[in-house]
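Protein chains in written order, with the numbering used here: chain X, 238 to 434; chain S, 238 to 434; chain Y, 238 to 434.
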């Protein structure tokens with residue numbers, strides 16, 4: 238091989254003196270490219286957002302939040318059919334005289350039942366979504382993550398059915414516990430992966 | 238052109254045998270660099286976080302959450318001015334004798350109105366923020382996203398004014414429906430983009 | 238140096254005509270690599286997810302949400318020990334005759350106290366987590382971020398102790414105010430960094 242002095246290019250490669258062969262210099266370029274390649278292959282938290290686990294999280298989080306949102310129209314439906322309102326401006330369309338309208342400001346057991354179910358959703362589904370996002374960013378296996386998401390979504394749908402249809406007790410309690418266990422399992426995974434106090 | 242055997246460099250380029258010209262080998266390097274460049278140009282979900290849509294989401298999410306947070310001091314203000322408390326330790330500073338203090342543990346219609354508005358914020362604004370984040374990550378157009386965010390923020394401010402000032406009914410109901418429609422539109426976009434069950 | 242015509246490779250480098258030396262062409266490759274390197278060094282919002290600040294956020298967000306979730310079993314515990322239920326299907330296991338069961342559908346001051354504390358958690362901890370995530374993505378210093386997260390987490394634990402143990406008033410109010418100030422400080426940082434209306 239021919240040896241050549243390359244003062245310009247050797248400086249860019251970071252060699253202090255020009256006494257290098259062309260080949261040695263180009264090898265270094267290739268090594269740099271290889272390093273860049275490895276950089277891409279490296280698993281980064283930000284890449285998790287593009288992963289299938291994140292897509293699964295997005296799907297299930299949207300479904301359970303949608304379920305929670307539907308409790309509001311359901312409450313409105315029960316309020317109107319049972320004629321049980323809480324604001325005078327709401328009942329004004331459903332009673333003729335002011336006394337009639339005041340009578341409609343009452344508590345209805347069915348309405349209260351839907352509202353308690355809605356409140357329980359707020360207390361459980363929102364922590365699930367927050368923790369589910371952080372759990373997804375720890376980069377779990379797709380199968381493990383799907384197991385968590387499906388168990389939680391299933392438990393919440395069972396809970397809602399059990400609450401609204403007044404099923405006998407172990408049913409509502411058990412479905413609530415399944416949701417809690419799933420959430421606590423995600424908390425365990427998050428804190429055992431990332432703990433910076 | 239001169240042909241040269243390059244055993245070292247040709248291996249790094251991935252050629253099995255050394256019978257390649259220098260030029261062929263370097264062409265491959267350049268192609269690799271081009272691939273890296275394309276990698277950067279590729280639209281990735283994680284890049285969405287740096288986008289203008291994400292900045293718009295951040296702004297509107299912060300504003301509506303700020304609006305929700307301000308309901309708490311407002312409740313406190315009404316509790317103190319109307320002298321309607323819920324805990325004995327809160328009313329102890331506002332009554333002299335223990336009987337006076339017990340009388341202050343009462344429900345006030347204005348306080349309950351603010352609290353219901355706060356509860357409705359919890360039920361609507363938090364789902365909006367969660368779904369808005371997932372919606373932003375699906376990479377919508379800036380104009381479409383801004384339309385959603387502005388419609389929702391506007392609807393919540395109207396809702397609050399309608400509730401606290403006791404405006405006649407279609408106003409509060411309509412502003413609530415605008416917020417719900419916006420949220421459902423975002424759910425539609427999320428589930429039609431990403432659906433992994 | 239030897240001058241050589243390189244029609245193939247010079248085109249890939251983007252030179253219109255082949256009248257370039259090999260060295261000039263390879264210098265351009267190295268410059269491209271350097272540009273890629275700078276691309277990596279550039280601070281992007283998406284990289285913040287991999288930062289220590291994000292790890293700190295994940296830890297504290299998980300801890301405060303865990304604290305909030307634990308209020309639900311605590312409510313259940315008080316409901317069972319104080320025998321104060323809200324659904325007939327819940328009290329059916331604790332009373333023999335239907336009249337006994339109906340008597341158990343009552344409000345208990347201790348249960349209501351735990352529930353109000355849970356509600357206050359919902360109203361404060363969830364906004365903190367949402368705003369904390371957006372705050373983290375603005376890329377604050379680790380020490381400043383830790384100060385915010387620790388102050389908020391501390392204030393919520395004090396609030397819970399003050400509420401459940403019925404400590405005299407300034408304690409609960411002050412811990413609530415510390416949490417609010419922390420949250421407002423994060424809102425200020427978010428809106429002063431990112432504001433796209």
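All C-beta atoms in this analysis are idealised placements derived from N, C-alpha and C, irrespective of residue type, glycine included.
Note down, in chain order, every chain S residue with its Cβ under 8 Å from the Cβ of residue i.
i                      : result
residue 355 of chain X : 360
residue 195 of chain Y : Because residue 195 of chain Y is not part of the residues shown, which for chain Y are 238 to 434, the question remains open.
Under a three-way DSSP split, which group does residue i fall into?
i                      : result
residue 302 of chain X : helix
residue 402 of chain S : coil
residue 324 of chain X : coil
residue 392 of chain Y : helix
residue 431 of chain X : coil
residue 309 of chain X : helix
residue 385 of chain Y : helix
residue 410 of chain Y : helix
residue 364 of chain Y : helix
residue 343 of chain Y : coil
residue 377 of chain Y : coil
residue 332 of chain X : coil
residue 288 of chain Y : coil
residue 278 of chain X : With a pLDDT of 41 at residue 278 of chain X, under the threshold of 50, the modelled position of this residue cannot be trusted, and the question is left open.
residue 418 of chain Y : helix
Report the neighbours of residue i on chain X: residues whose CB is nearer than 9 Å to its CB, in chain order.
i                      : result
residue 305 of chain Y : 360 and 364
What does residue i touch in chain Y if you count any residue whose Cβ is under 9 Å from its own?
i                      : result
residue 403 of chain X : 324, 325 and 326
Below 8 Å on C-beta distance, what does residue i contact in chain X?
i                      : result
residue 338 of chain Y : Near residue 338 of chain Y there are no residues of chain X at all, since even the closest Cβ is about 12 Å away, more than 8 Å.
Would the beta-carbon of residue i fall within 8 Å of that of residue j?
i                      : j                      : result
residue 424 of chain Y : residue 303 of chain S : yes
residue 412 of chain S : residue 380 of chain S : no
residue 344 of chain S : residue 322 of chain S : no
residue 427 of chain X : residue 299 of chain Y : yes
residue 419 of chain S : residue 399 of chain S : no
residue 360 of chain Y : residue 309 of chain S : yes
residue 386 of chain Y : residue 315 of chain Y : no
residue 296 of chain Y : residue 355 of chain Y : no
residue 305 of chain Y : residue 358 of chain Y : yes
residue 301 of chain Y : residue 390 of chain Y : yes
residue 319 of chain Y : residue 401 of chain Y : no
residue 326 of chain X : residue 292 of chain S : no
residue 367 of chain X : residue 366 of chain Y : yes
residue 362 of chain X : residue 363 of chain Y : no
Can you list the residues of chain X that residue i reaches, using a CB-CB cut of under 7 Å?
i                      : result
residue 292 of chain Y : 431 and 433
residue 371 of chain S : 295, 298 and 299
residue 311 of chain S : Per Cβ cutoff of 7 Å: no residues; residue 311 of chain S is ~17 Å from chain X at best.
residue 302 of chain Y : 364, 367 and 368
residue 321 of chain Y : Here the premise fails: no neighbours, minimum Cβ distance about 14 Å.
Along chain S, in chain order, which residues have C-beta atoms closer than 9 Å to that of residue i?
i                      : result
residue 428 of chain Y : 295, 296, 299, 300 and 303
Can you list the residues of chain Y that residue i reaches, using a CB-CB cut of under 7 Å?
i                      : result
residue 289 of chain S : 433
residue 424 of chain X : 299 and 303
Along chain S, which residues have their Cβ under 7 Å away from the Cβ of residue i?
i                      : result
residue 329 of chain X : 406
Taking a cut of 7 Å between CB atoms, which residues from the segment 374-399 of chain Y lie near chain S?
374
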